[in-house]
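Encoded as C-alpha cells, the structure appears first; notes follow it.
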Amino acid sequence: MQKIKKVLIANRGEIALRILRTLKAAGIPGVVMYHRVDRGAPAVREAEETYLIEGETPVAAYLDIENILAACRTTGANAVHPGYGFLAENAPFAKALAEADVIFIGPTADVIELMGDKVSARKFVEARGFPVAPSAIEEDDPATFVERVAKVGFPVLIKPAAGGGGKGMRVVYDGANLAEEVERGRREGERYFADGRLFAERFIENPRHIEVQVFGDQHGNYVHFWERECSIQRRFQKIIEETPSPALSPEQRQEICTAAVGIAEAVGYQGAGTVEFIYAPTGEFYFLEMNTRLQVEHPVTEMVTGYDLVYEQLRVAAGEALNYTQADITQTGHSIECRICAEDADADFAPAIGKLLKVREPVGPGIRVDSGVIEGQDVTTAFDPMLSKLIVYARDRQQCITRTQQALRDYVLLGVTTNTAYLDKILSHSDFISGDVHTGFLAEQADVLKQNLSQDTLDFLLSAAALTDEQLCNAVAEIPELYAAMGHWRN
Amino acid sequence: MQRIRSAIRTQSESYLANKAHNEKVFTAFRERQERARYVRPERELARLARQGKMTGRQRVEMLLDPGTPFLEFSSLAACEDYDGEIPGANVISGIGIVSGREVVIHADDNSMKGGAWYPRSTQKIIRALDIAIENRLPVIHICDSAGGYLEDMAGVFVKGGRVFRNQCILSKMNIPQVAIVCGNCTAGGAYIPGLCDYAIIVRGMGAVFLGGPPLVKAATGEEVTVEALGGADMHTSISGTVDYPVDSEEQGIAMAREIVGQFRQPTKAYHPQATEAPYYDPEELFGILPSDIKVQFDMREVIARIVDGSRFHEYQPAYGKTLVCGYAHIWGYKVGILGNNGVLFNDSSLKAAHFISLCNQNGTPLVFLQNTTGYMIGREYEEKGITKDGAKMLMAQAGSEVPKFTVLTNSSFGAGYYGMCGRAWDPRFLWCWPNAEMGVMGAEQAARTLGDVKLAQLKRANPDVSEEEVAVLRQRVKEKAERETSAYFATSRMWDDGILMPTDTRNALAIALSVAANAPLANPSYGVFRM
Amino acid sequence: MKREFVIGSESYDVLLNKALGEYHLDVGDRQLAIQAEEIGSGEYFIYVDGRKQRAFVAVDDENTYIHMEGKAVTIQRIDPFEKIMGGDGADGSGSSLLAPMPGTVISVNCEPGQQVSEGDVLMVIESMKLETTVAAPREGIVEQVNFSAGDTFDQKALLVSLQAEEE
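Residue numbers (the numbering used here), protein chains in the order written: chain U, 4 to 494; chain D, 4 to 534; chain F, 597 to 763.
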C-alpha cells in the first residue's frame with residue numbers, strides 16, 4: 004500500500020472515527036477535517052492530525068470541494084476517503100481529486116456518474132438483462148410523463164432521478180392527484196439535488212429491501228460479500244439492518260448475489276459498492292439502484308465475513324489486487340445493526356436536540372458500537388440525526404436479536420431523546436422475530452410500537468425525577484420536620 | 004418515662020354512654036364550623052365569580068405549602084354576634100407554613116358582605132397580630148375588604164386602631180410582613196399594605212386609598228377612577244406605596260411565597276426530641292369526657308391521649324392529688340403539664356406553685372388542662388389559708404417566663420380558671436373543647452343564685468307573683484346562664500383562640516410549642532409570695 | 597412541595613414530602629415511600645415502597661432524563677408557582693402557531709394584517725425531509741410572521757401568530 008501516504012477523511016461523525024481506526028491499525032497517517040461545530044467530536048479528539056474547514060453552514064463546509072483540495076495540499080494527504088453522504092457519490096469531486104493527483108477512495112468518476120443517476124443506472128442494468136421493475140422515465144418524453152406514469156400502474160413511486168436517501172420520494176395510490184404530486188416531486192428534486200427530473204416505477208406492496216455488498220479491484224476481479232436486509236425503515240430511511248436476510252433461501256441468496264456481482268462487473272466497478280434490490284413477497288427481485296460508496300450498514304457484513312471493508316477499500320485504491328476469491332468469503336453467524344438516532348419516535352420521528360449529559364455504551368460479547376458522539380457534546384439539527392450505530396454479532400439470528408435488545412437496554416444516552424427504546428420495541432415484535440417484515444412495516448405497526456409505561460415504571464420514574472430535583476428537595480428540606488410529619492392537617 | 008396505665012374500658016356502659024353523648028356535641032361543633040367556613044349566600048359567590056376572585060379561604064390554601072398543616076384561629080368568632088351572619092368575623096387567620104417558614108396569615112374573608120370589617124373582625128386581626136408579636140412570626144395579609152362596617156363605625160374605630168399599631172410594633176421587632184392586595188384597602192385598611200415591608204397588588208383587582216372615589220367626589224368634587232386613584236400601576240410606579248404589581252391573585256400569591264422564601268429561619272429557644280404517637284388512641288377521649296359536666300374524670304386519661312407514647316413523669320404523685328403535675332413530650336417538645344383532678348386545695352395549690360417554678364427554672368413550657376370548679380371553700384380551708392395558697396399559685400403562674408398554653412377540657416369555674424391560666428393571664432394560646440363551660444360559677448348554680456335574687460326583687464314589687472311566673476323567671480335565668488357559660492359564647496367573643504376538637508389538641512399544642520420557641524426565654528422572676 | 601411532571605403528552609401532579617427522615621411522594625391518591633441512593637456519578641438506586649430499580653439520571657434546567665428498565669424517558673419539570681410567575685399561555689389559545697419540530701421555511705404565504713380563514717396556508721415548512729403546511733387554525737388577522745423563506749427554526753419557535761380574538 005505504498006501508494007497511499009496519508010489519507011484525508013472528508014467526513015464526520017461515526018464514520019470518520021471508524022475510518023480513522025482502520026487507518027491507525029494499518030499504520031497509515033490520517034487527517035480528520037472538521038467544522039468548528041464538530042470540534043468536540045470523538046474523531047477530532049482521536050486524530051493525530053486535524054484540519055479546520057469553514058463554510059456558510061456546517062453542511063456546506065463538508066460539501067465544499069475546494070476545502071478538501073486545500074486540506075490535501077496543506078496536510079500532504081495523497082488520498083481522500085469520503086465516507087458516505089456528503090461528497091461520497093459526487094463525480095465532479097472524484098474528477099477534481101484525480102486532477103489534483105489525489106487518490107479518491109472509491110470508484111472512478113464515470114462509474115459514479117453512470118450509477119449515481121437512477122435513470123441511467125436503470126437503463127444500463129436493464130439493457131444487460133438484469134431485472135428491473137416497470138417504470139417511466141420523465142426525460143424520455145416529458146410531455147407524456149404523467150400518462151406513462153399512470154401506465155406503470157398504481158400504486159406508483161415517484162422519485163427524483165438524481166435522488167437518494169429517500170429525499171423527495173412519494174407514493175401515489177391513484178390517478179386523482181397524479182399531476183399535482185408529480186409537480187411537487189419536481190420541486191423537491193430541484194431543491195435537494197438541483198435537478199427536477201423525475202422517475203417513476205411500480206410501487207411493490209410490502210416489498211423487502213435487500214442489498215448486496217460488492218467489491219472490484221483495478222485488475223478485473225469482482226466479488227460479493229453477501230447480502231444485507233434493510234427492510235426496517237422509517238420515512239424511507241433504514242434504521243435496522245441485518246445479515247443474512249431471513250427472507251432468502253440459499254438458492255435465492257445465490258441468485259441475488261450473483262446478479263449483483265454481474266452488475267458490478269458490467270460497470271467495471273472498483274472498490275466497495277452496494278447493489279440494492281426490491282424483493283417482492285412473491286420472491287422476484289428488481290434492481291433498485293447502486294450505491295457507489297461504503298454504506299452506513301457495512302459493519303454487519305464485516306461481522307459475518309470477518310473482513311475490514313475500509314481496509315479492503317484502501318488496498319483497492321492503492322491498486323492492489325483482491326487477494327481472495329469468492330469462495331474465501333463465507334457468511335458465518337448473524338449480525339444486526341441499529342441506527343441510534345436523536346429523534347422522538349413517538350412524535351413522528353421529530354429530530355431531537357440537546358446536550359448529551361450522560362453516555363454509557365453497552366459492552367459484552369459480540370457488541371460493537373460505532374459512535375460519533377461523546378458525553379458533553381451538543382446535538383444540533385445541523386447534520387443527520389444519527390448519533391451512532393450499534394452492531395451486534397451472534398451465532399444465530401435469535402441470539403443476535405436478544406443480544407441486541409440487551410445492548411439497546413444497556414445503552415445510556417441522556418439529554419437528547421433517542422430511538423433506543425423504539426428499536427428495542429421493533430426487535431420484540433413477533434413479526435420481526437419471525438422475519439416477516441417489509442419496508443412499510445414500521446408505518447403499519449406504528450401503534451403497536453408506541454412506548455407505554457406501566458404504573459410501576461411510572462412510580463419509579465416520578466420518584467427518581469422528584470428525588471433528583473435539587474430545587475424541589477431543597478424546598479422540601481425547608482419545611483420543618485414537625486409540619487412535614489403532620490401533613491395536611493386542619494383544626 | 005413511664006407509660007400511663009389507662010383504666011378505661013372501651014366496652015363499659017359509661018364509656019359508651021359518654022361516647023354517644025360527645026359524638027353529638029362534637030358533630031354539632033363540626034357542622035357549625037363547616038357552615039362558618041364554607042356556606043355562603045349564592046349572591047356572594049356569584050359576585051366573586053363575576054369579579055374572577057378566589058375566596059379568602061382558597062387564597063390561604065394556595066398560599067400554604069402543600070402537604071402542611073394550618074392552625075386556624077377562632078373559626079367560630081362572632082358566631083353568636085350579628086345574628087350569626089358574619090362567619091368567622093369575616094377574617095381567616097391562623098398559623099401556616101409558607102416556603103418552609105412559620106407565618107401568621109390574616110386573610111379577609113371576602114365571601115360575606117364584601118369582607119366588611121365588623122368590631123369582631125378587627126378584634127380577630129388584632130389577636131392574630133398579637134400572636135405574631137408574642138411568637139415572632141412573620142405575617143402575610145391578604146387584603147380584600149369592603150372596609151369598616153359603616154353602621155357600627157364606633158365599634159370599629161377606637162379599638163380597630165390597634166391593628167395598625169401592632170403592625171408597627173412587628174416592624175419595630177424586625178418581624179417582616181407581606182401584603183397581597185386583592186381588593187380594596189380603603190381608609191384605615193390602606194395602612195395594612197402601607198405598613199408592610201413588602202406589598203403586592205393585583206392589577207385591575209386591588210386598590211389602595213385613604214378615601215375611595217365616592218368620598219373624594221363628596222369632599223372635593225374631584226372625579227377619579229379606582230385605577231387612577233389607587234390602582235396597581237399608580238401605586239407601584241408613581242406613589243411607591245406598593246412594591247410589586249402582578250397580573251392575577253395567583254401570581255400575587257406566588258410572589259408572596261417567593262418573598263417569604265427569602266426570610267431567615269428563626270432561632271429556636273428550645274428544640275424537640277424524637278417523637279412517637281400516643282400509645283392510647285386519642286379517639287377514646289370521646290368516651291372519657293363525661294356526658295354530665297359534674298362527673299369527675301381522671302385527667303391522666305386525657306394526658307395519655309395527647310402526649311408522646313402516652314408517657315408521663317408525674318411529679319409529687321402522692322401529694323395534692325387533686326392537681327396532676329408532671330413532664331411529658333408533645334411531638335417531641337418537652338412540656339410541664341398541670342391538670343385538674345378535682346377541687347384545688349391548699350396542698351394542690353402549693354404543688355402547682357412549686358411545679359410552675361420548677362418548669363421556669365428548667366425552661367419547660369407549661370400546659371394547663373382545665374377541669375375545675377375552683378378553690379375549696381369553707382371555714383377549715385380559709386383557716387388553712389386557701390386564699391394565700393391560691394395567691395401563691397397565681398403569683399407563680401403569672402410570673403412565668405416560659406410559654407403557657409391552656410386547654411379548657413370541661414368545666415372552668417371560679418378562681419380555678421384564673422389559677423389554671425385563663426385568658427386574662429396571657430397564655431400564648433387558649434382553646435376550648437366543644438363541651439367546655441366557663442364562668443364565675445356553673446350554669447345550674449348561677450341560675451339558682453341569680454334566680455333567688457331576681458325572685459326576691461320580683462316579690463318585693465308584686466307579692467302575689469304566681470307559680471307560673473316564678474317558673475318562667477327561673478327558666479329564663481337558667482337559659483341565659485347556660486348560653487353565657489358555653490364555649491360558643493366564649494369563642495364568639497374570642498375569649499379563646501378557637502374551639503378545638505379534643506383529638507386535634509396534640510397537633511395544635513405542637514404547633515403552638517414550635518412557634519412559641521421563636522421568642523427567647525427570659526430568666527424567671529416573680530412578685531412577692533404571701534407565705 | 598408540588599411539581600408537575602410531564603412525560604410525552606401526559607402530565608402528573610406530584611407532592612414530595614420529607615417526614616421523620618423519609619421521603620413520601622403523593623401521586624394522585626396514592627402515597628409512595630421513596631428513597632434515592634447515589635451509587636455513582638448520575639447513577640442511583642431508586643426505592644419505591646421497598647422495591648428497587650437502578651437508574652441513570654441527568655438533569656438540565658427544564659428536563660430530567662432517566663434511563664431505567666432499559667429505556668430513557670424525558671420528564672419535563674414544572675414548578676406550579678414558577679409557571680404562574682411566568683404568566684405565559686394565558687392569552688387566547690390558538691393564536692400562536694409553534695413549530696412542531698426544527699426545520700426550514702420553504703415559503704411564506706401570508707403577511708401581517710392579512711385576513712385569513714380557517715385552513716388557509718400561512719407558511720410551508722420543511723422538516724425531516726418532508727414539506728408540511730402551516731394552516732390557520734381559525735379565522736383571524738395575521739399578527740406576526742417571524743421567519744422568511746430559507747430561515748431555519750427550532751422546535752416550538754413561534755412561526756406565525758394571529759391577533760387575539762375579541763372576547
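No residue lacks a Cβ here, since even glycine has one placed at the ideal position from N, Cα and C.
Remember, predicted model here, so these are calculated numbers, not experimental data.
- K324(D) sits in coil when the DSSP states are folded into three classes, being neither helix nor strand.
- N326(U) counts as exposed, since fewer than 16 other C-beta atoms from the protein chains shown sit within 10 angstroms of its C-beta.
- By DSSP's assignment, G223(U) forms no beta bridge with any residue.
- At a beta-carbon threshold of 7 Å, the residues of chain D lying near I680(F) are E253, Q254, A257, ordered along the chain.
- Within the DSSP bridge table, the entry for T660(F) names V655(F), I671(F) as partners.
- Around the CB of P179(D), 16 or more other CB atoms lie within 10 Å, so the residue is classed as buried.
- At the C-beta level, A399(D) and I359(D) come within 8 Å of one another.
- In the three-state reduction of the DSSP assignment, W428(D) falls in the helix class, which pools H, G and I.
- For the region 389 to 450 of chain D, the full-length beta strand (DSSP E) segments reaching 3 residues or more read 407 to 416, 432 to 435, 440 to 442 along the chain.
- For G624(F), the closest alpha carbon among the candidates K9(U), L465(U), N494(U) is that of L465(U).
- Annotated three-state conformation of D250(D) is coil, per DSSP.
- Between H491(U) and the set D622(F), L693(F), T729(F), the nearest pair of CA atoms involves D622(F).
- The beta carbon of K324(D) is closer than 6 Å to none in its chain, skipping five residues each way along the sequence.
- Annotation: the continuous beta strand (DSSP E) that includes G274(U) extends over 274 to 282.
- Among the CB atoms of chain F, one or more fall inside 8 Å of the CB of F352(U).
- In this chain, K126(U) is not harboured by any beta strand (DSSP E); it is covered by the alpha helix (DSSP H) spanning 121 to 130.
- In its chain, beyond the 5 residues on either side, C435, M441, D499 have a beta carbon closer than 7 Å to the beta carbon of A493(D).
- In the three-state DSSP reduction, M389(U) falls in the strand class (E or B).
- Ranked by how close their Cα comes to the Cα of C188(D), the residues L292(D), E485(D), A110(D), E304(D) have A110(D) in first place.
- Taking the Cβ atoms as the reference, G118(D) lies roughly 6 Å from A149(D), within the contact range of under 8 Å.
- Within chain D, the residues placing a beta-carbon under 7 Å from that of M597(F) are D68, P69, ordered along the chain.
- For A511(D), the chain U residues whose Cβ falls inside 7 Å of its Cβ are N494, in order along the chain.
- Take W229(U), set aside five residues on each side of it, and the residues of its chain with a beta-carbon closer than 8 Å to its own are V215, Q216, T246, P247, R256, C260, T304, V307, T308, I332, Q334, in chain order.
- By the Cβ-count criterion, A250(U) is buried, with 16 or more other Cβ atoms from all chains shown falling within 10 Å of its own Cβ.
- Under the three-state reduction of DSSP output, H24(D) falls in the helix class.
- Taking C-beta separations shorter than 6 Å and ignoring five residues to either side along the sequence, the partners of G345(D) in its chain run T325, following chain order.
- Taking 7 Å as the upper bound on Cβ-Cβ separation, chain D lies near residues L611, N613 of the region 601 to 615 of chain F.
- Chain F has no Cβ within less than 8 Å of the Cβ of R6(D).
- In chain order, F677 make up the part of chain F whose C-beta sits under 9 Å from the C-beta of R260(D).
- Excluding five sequence positions before and after H144(D), the CB atoms of its chain that fall closer than 6 Å to its own CB belong to H109, A182, I195, given in chain order.
- About 6 Å separates the beta carbons of L612(F) and L475(U), which is inside the 8 Å limit, making them a contact pair.
- With contacts defined as CB atoms closer than 8 Å, I702(F) and E722(F) qualify as a contacting pair.
- S352(D) and N374(D) have their C-alpha atoms spaced approximately 15 Å apart.
- The beta-carbon of Y486(U) is placed less than 8 Å from the nearest beta-carbon of chain D.
- Within the model, the alpha-carbon separation for V128(U) versus V756(F) is close to 49 Å.
- Boundaries of the beta strand (DSSP E) around T189(D): 187 to 189.
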